[in-house]
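Read the structure below first, then the notes.
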Amino acid sequence: MQLAKLEQLQYARELIQAKLRLSIVAALTDLTLEPLRKMWKEIHGERSPNGKLPESALSYVKTVQMVRNLSAIVLLHQRLHKTKEIQPRTLLQTWHAHNALLGQVDPSNVLDINAAYYALRDVRSNLLTVMQCNNCRISYIYDRELSLTSHCPYCKGE
């Protein structure tokens, strides 16, 4: 029982270091907000951000490159872990792998962990769909309501 608690705290520390919003850290680790707020203050030297959380991953989509990055994180997570489930360990592994791979190519590809979480969550809950382009055969996140996600972000095909 004590080891499980220590593991939760370790994951909470890593998620907070990555600046994942505290309500999400609490949900993923089953820890209460009070110790998480203290941990944030110790790690970052300032209070944790307040305010409304995004409703979906689409809140982060402002450019075609962001659609590509969110698509990459979802596909990488599914490839590495063979599941749509989100656990602290799998989120951190996928996020670190994505940023190590794509961030080296172009530092603007480094993805905010909150955006990564929302993309994974939205695919898991079927708010976003993973489609394969009929033209270039690359998979991407799809949502017909937003023009940037209603077609392939690589070749503009469908």
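Just so we're aligned: the sequence shown equals residues 623 to 780 in our numbering.
By construction, the Cβ of each residue, glycine as well, lies at the ideal position given by its N, Cα and C atoms.
Cβ pair residue i, residue j closer than 9 Å
i	j	result
residue 720	residue 712	no
residue 647	residue 696	no
residue 771	residue 742	no
residue 650	residue 768	no
residue 633	residue 690	no
Strand pairing of residue i, partner residues [DSSP]
i	result
residue 752	763
Span separating the alpha-carbon of residue i from that of residue j
i	j	result
residue 733	residue 717	8 Å
residue 763	residue 675	21 Å
residue 635	residue 684	30 Å
residue 729	residue 736	17 Å
residue 629	residue 668	24 Å
residue 657	residue 673	19 Å
Entirely within the segment 678-719 and at least 3 residues each: give me those beta strand (DSSP E) ranges in chain order. Runs of beta strand (DSSP E) with 3 or more residues, each lying fully within the segment 678-719, are absent.
List, from N- to C-terminal side, the alpha helix (DSSP H) runs of 4 residues or more that fit wholly inside the segment 628-678. Segments of the alpha helix (DSSP H) lying fully in the segment 628-678: 644-651, 655-666.
Taking contact to mean 3 or more Cβ pairs, one atom from each stretch, closer than 8 Å, check whether the segment 635-644 and the segment 659-679 are in contact. yes
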